[in-house]
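Asker:
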Amino acid sequence: TERHKILHRLLQDSSPADG
Amino acid sequence: GALSDDCSLLDIERITQNVVKSHIETCQYSTEELKRLTWNLYTPEETRSFQLKSAEWMWQQCAVHITNAIQYVVEFAKRISGFMDLCQNDQIILLKAGCLEVLLIRMCRAYNSTNNTLFFNGKFASPQFFKALGCDDLVNAIFELAKSLCRLQLSEEEMALFSAAILLSPDRPWLTESQQVQKLQEKIYLALQHSLHMGGGSQEKLDKMASKLPQMKSICNLHIDKLEFFRLLHPETAFSFPPLYREVFGS
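Residue numbers (our numbering), protein chains in the order written: chain A, 1268 to 1286; chain B, 3 to 253.
1. Pull up the CB-CB distance for L97/B and M109/B, whole angstroms please, since I reckon it's below 8 Å.
2. Under 8 Å between beta-carbons, which chain A residues line up against V76/B? List them in chain order, please.
3. Hey, would you say E249/B sits closer than 7 Å to L1277/A, going by beta carbons?
4. Starting from L120/B, trace the alpha helix (DSSP H) in both directions and tell me its first and last residue.
5. Is the region 179–194 of chain B touching the region 78–89 of chain B, taking contact as three or more C-beta pairs under 8 Å?
6. What would DSSP say about S10/B, mapped onto helix, strand or coil?
7. Could you tell me whether the Cβ of P175/B comes closer than 7 Å to any Cβ of chain A?
8. Go to A127/B, then tell me how far its beta strand (DSSP E) extends in each direction, as first and last residue.
9. Specify whether the region 149–161 of chain B and the region 62–80 of chain B touch according to this definition: at least 3 beta carbon pairs, one from each stretch, less than 8 Å apart.
10. Compute the distance between the beta-carbons of L224/B and F251/B, then report whether it is under 7 Å.
11. Does the beta carbon of G1286/A come closer than 7 Å to any beta carbon on chain B?
12. Once DSSP output is grouped into helix, strand and coil, what is the label at N42/B?
13. Can you list, in chain order, the residues of the region 205–222 of chain B whose Cβ is nearer than 7 Å to any Cβ on chain A?
14. With 9 Å as the C-beta to C-beta threshold (strictly closer), list the residues of the region 179–192 of chain B near chain A in chain order.
15. Okay, do the region 132–142 of chain B and the region 204–211 of chain B touch, 3+ Cβ pairs below 8 Å being the bar?
16. How is the alpha helix (DSSP H) around R248/B delimited, first residue to last?
17. Can you look up Y113/B in the DSSP assignment and give me helix, strand or coil?
18. Note down, in chain order, every chain A residue with its Cβ under 7 Å from the Cβ of Q93/B.
19. Sorted by chain position, which residues of the same chain lie with C-beta nearer than 7 Å to A57/B's C-beta, five sequence neighbours on each side aside?
20. Give the secondary structure of E179/B by DSSP, where H, G and I count as helix, E and B as strand, and everything else as coil.
21. Please tell me whether E249/B has its Cβ less than 7 Å away from any Cβ of chain A.
22. Going by C-alpha to C-alpha distance, which of L106/B, K125/B, D13/B, E238/B sits closest to L169/B?
23. With distances taken between CB atoms, is the gap from N20/B to K125/B smaller than 7 Å?
24. Pick helix, strand or coil for C137/B, following the three-state DSSP scheme.
25. Should E77/B and T40/B be called a contact, given that it needs their Cβ atoms to be closer than 7 Å?
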């Protein structure tokens, strides 16, 4: 998990489309 | 009518709409934009100057461009219905394993078969442009794939559904909920079949698309081999590659 912190963050960030 | 036990025509249409919308919204360049730039080619002088760059510099450039493109693929995945319902471990496994394949499919939008050039950093570049990478075999394999994918003349809808189906491959190692991934992939393949059927296409086109998968996998493996070799020769440069690139392609 620690090794993929950027992917984690990108997946958790809300998409612009979601407002 | 029901196309299968748990997938109605309405479901298929909903899936198609969702996947196509996600694809269009997350493509780095629109088809209109790429069409407008068709004749924006690197001059022979510009090509020569890129060929004379160091391998380290050229690898860094390509790593940055691939990283940018990967961020769009992550966004594509997030918008596919059902993807965010998977556990985060599986989301990461699918993205790590499939994002380069998705990029390879998307690449045919940015490929011009009339002069064998590929859109890179604002202009269209020939295979020779990438000479400094020291990976002629990888570069040639990528251009060959682009050429053969272009020959299939995929519509944006077919490309979108094909990318989504590949991303949702249930056979990726270490998945914890592969059955759930398989269900999603099956629905997307049904949608792709339906789309091909509606477009007057046939099973033959789907077979031709699927026949590109081994070529795509071998390009992904070759990229990893080249990266590992590069890392041995230039560990510091490899360490300075964008963190997302290192995360996705690290062991």
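Ideal Cβ placement from N, Cα and C applies to all residues, glycine included.
Answerer: Result, derived from the coordinates:
1. Numbered from its first residue, the second sequence carries residue 97/B at position 95. Numbered from its first residue, the second sequence carries residue 109/B at position 107. Distance from L97/B to M109/B at the Cβ level is roughly 17 Å; contact not present, criterion being Cβ atoms closer than 8 Å.
2. Working through the second sequence from its first residue, we reach residue 76/B at position 74. The answer, in chain order, is L1274, L1277, L1278.
3. Counting from 1 along the second sequence, the entry for residue 249/B is found at position 247. Counting from 1 along the first sequence, the entry for residue 1277/A is found at position 10. Contact: no.
4. Position 118 of the second sequence, counted from the start, is the residue given in the question as residue 120/B. Careful: L120/B lies outside any alpha helix (DSSP H), inside the beta strand (DSSP E) at 119–122.
5. Counting Cβ pairs under 8 Å, three or more are found: they touch.
6. Indexing the second sequence from 1 puts residue 10/B at position 8. DSSP places S10/B in strand when its eight states are reduced to three.
7. Reading the second sequence from its first residue, position 173 is the one you call residue 175/B. With 7 Å as the cut-off, P175/B does not count as an interface residue toward chain A.
8. Mapped onto the second sequence, residue 127/B falls at position 125. Bounds of the beta strand (DSSP E) holding A127/B are 125–127.
9. A contact between stretches requires three or more CB pairs, one per stretch, nearer than 8 Å, and the region 149–161 of chain B fails this requirement with the region 62–80 of chain B.
10. Stepping through the second sequence from its first residue, residue 224/B is reached at position 222. Stepping through the second sequence from its first residue, residue 251/B is reached at position 249. No, Cβ-Cβ distance for L224/B and F251/B is not below 7 Å.
11. Counting from one through the first sequence, the residue named residue 1286/A turns up at place 19. Its pLDDT being 35, under 50, G1286/A is placed unreliably by the model, and the measurement read from it follows with that caveat. Nearest CB-CB separation between G1286/A and chain B: not below the 7 Å threshold.
12. As a first step, residue 42/B must be located in the second sequence, where it is residue number 40. Correct three-state label for N42/B: coil.
13. Going along the region 205–222 of chain B in chain order, one finds no residue with a Cβ nearer than 7 Å to chain A.
14. Those residues of the region 179–192 of chain B that come within reach of chain A (Cβ to Cβ, closer than 9 Å) do not exist; the list is empty.
15. In short, these stretches do not touch, since the Cβ pair count stays below three.
16. Position 246 of the second sequence holds residue 248/B. It spans 245–251 - the alpha helix (DSSP H) in which R248/B sits, taken as one unbroken run.
17. The residue given as residue 113/B occupies position 111 in the second sequence. DSSP places Y113/B within a strand segment (E or B) once states are collapsed to three.
18. One-based indexing of the second sequence puts residue 93/B at position 91. Result: L1278.
19. For the purposes of this step, residue 57/B is taken as the residue at position 55 of the second sequence. Correct list, in chain order: A134, L135, G136.
20. As a first step, residue 179/B must be located in the second sequence, where it is residue number 177. When DSSP states are grouped into helix, strand and coil, E179/B belongs to the coil group.
21. For the purposes of this step, residue 249/B is taken as residue 247 along the second sequence, with counting starting at 1. Answer yes: the Cβ-Cβ gap between E249/B and chain A drops below 7 Å somewhere.
22. Translated into positions along the second sequence, residue 169/B becomes position 167. Of the listed residues, the one whose Cα sits closest to L169/B is L106/B.
23. As a working note, residue 20/B is residue 18 in the second sequence. As a working note, residue 125/B is residue 123 in the second sequence. Their beta carbons are not under 7 Å apart, which means N20/B does not touch K125/B by this criterion.
24. Against the second sequence, residue 137/B aligns to sequence position 135. Look at C137/B here: in three-state DSSP terms it is coil, with no helix or strand label.
25. Mapped onto the second sequence, residue 77/B falls at position 75. Mapped onto the second sequence, residue 40/B falls at position 38. Not in contact: E77/B and T40/B (Cβ atoms no closer than 7 Å).
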